[in-house]
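Asker: Got a structure here, written out as structure tokens. Questions coming.
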Amino acid sequence: MNWFSILSHESYKLHHYFKTFSYSKKLVLTALFSALAAILQSTGNFLPGIGYLISPFATLPILICTIISIPFGLQSYVLTFLLLILIQPGESFVFPFTTGIVGLGIGIALLILKRRIGIIVFTSILLMGGICFLLYIVHFPVLGPITSTSLSLKVIGFIYIFSFIYSWVWVELSRFIFKKWYKLMGEK
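Structural data, given as structure tokens:
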């Protein structure tokens, strides 16, 4: 694996494919993906245990909408947040700073930065910023009882390492999904 390789070939091809869609078709896709993201994000509270393994997948619908176009990704991000306020207010507090920002960050980075290391670093900084904002500014224990809400450089370092690994996994997963998706489109 080359850290400086360009990853955005499939995402650019999908982005250009989605450009052929009408505005209303893109809007419907954005609404559907936003509803899916809201459902996935709220599974942690609806299905304790297994739901916590499912809820990180709320990143994928936001990522796909951002690949459609950055404005539609932002719309999906906001719409998912508003849906979560209605169906799961506790998750609406966490979503914009964690899973939502990862999907938005990877989508934007795939379209703008292109290289693996840039995409991962950009997204990990966004995720670390979101987690630190919740922990140290709002004093919301987003990581549970593992960490306190008092400022610690050691904890921030661990948060960045976690954010980097989490972003790396999502970048590789999205690359895999987009390759398969583009291959399926080519066979039609």
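Going by my numbering, the letters in the sequence shown line up with residues 1211 to 1398, in that order.
No residue lacks a Cβ here, since even glycine has one placed at the ideal position from N, Cα and C.
1) Give the range of the alpha helix (DSSP H) segment to which Trp-1213 is assigned.
2) Assuming contact is defined by CB atoms lying nearer than 7 Å, are Ile-1318 and Ile-1341 in contact in what I supplied?
3) Whose C-beta lies closer than 7 Å to the C-beta of Lys-1235 among residues of the same chain, with five residues either side of it excluded?
4) Here's a check: name, in chain order, each residue in its chain whose Cβ is nearer than 8 Å to the Cβ of Gly-1300, leaving out the five neighbours to either side.
5) Note down, in chain order, each residue of its chain lying with its Cβ closer than 8 Å to the Cβ of Val-1238, except the 5 sequence neighbours on either side.
6) With a 10 Å radius around its C-beta and 16 neighbouring C-beta atoms as the bar for buried, classify Pro-1351 as buried or exposed.
7) Determine whether the beta carbon atoms of Leu-1314 and Ser-1302 lie at a separation below 7 Å.
8) Under 8 Å: do the region 1378 to 1390 and the region 1267 to 1284 share three or more Cβ pairs, one atom per stretch?
9) Please check the pair Tyr-1227 and Met-1338, which I expect to be a contact at CB under 8 Å, by giving their CB distance rounded to whole angstroms.
10) Does the beta-carbon of Phe-1214 have 16 or more other beta-carbons within 10 angstroms, so that it is buried, or is it exposed?
11) Can you list, in chain order, the stretches of the beta strand (DSSP E) that have 3 or more residues and sit fully within the region 1248 to 1309?
12) Would you mind working out which of Ser-1265, Ile-1297, Gly-1310 sits nearest Tyr-1287, comparing C-alpha positions?
Answerer: According to the data block:
1) Indexing the sequence shown from 1 puts residue 1213 at position 3. Here Trp-1213 belongs to no alpha helix (DSSP H), and DSSP marks it neither H nor E.
2) Residue numbering aside, residue 1318 sits at position 108 when the sequence shown is read from its first letter. Residue numbering aside, residue 1341 sits at position 131 when the sequence shown is read from its first letter. It is not a contact, given that the beta carbons lie outside the stated cut-off.
3) Along the sequence shown, read from residue 1 onward, the residue named residue 1235 stands at position 25. No residues qualify anywhere along the chain.
4) Here residue 1300 is taken as the residue at index 90 of the sequence shown, counted from 1. Once the five neighbours on either side are set aside, the close Cβ partners of Gly-1300 are Asn-1255.
5) Counted from its first residue, the sequence shown places residue 1238 at position 28. Nothing meets the Cβ criterion.
6) If you number the sequence shown from 1, residue 1351 lands on position 141. Pro-1351 comes out exposed.
7) For this step, residue 1314 is matched to residue 104 along the sequence shown. For this step, residue 1302 is matched to residue 92 along the sequence shown. Contact: no.
8) yes
9) One-based indexing of the sequence shown puts residue 1227 at position 17. One-based indexing of the sequence shown puts residue 1338 at position 128. Contact doesn't hold; Cβ gap of about 33 Å is too wide.
10) The count along the sequence shown starts at 1 and reaches residue 1214 at position 4. Exposed, by the Cβ-count rule.
11) none
12) As a position in the sequence shown, residue 1287 is number 77, starting the count at 1. Minimum Cα distance to Tyr-1287 is reached at Gly-1310.
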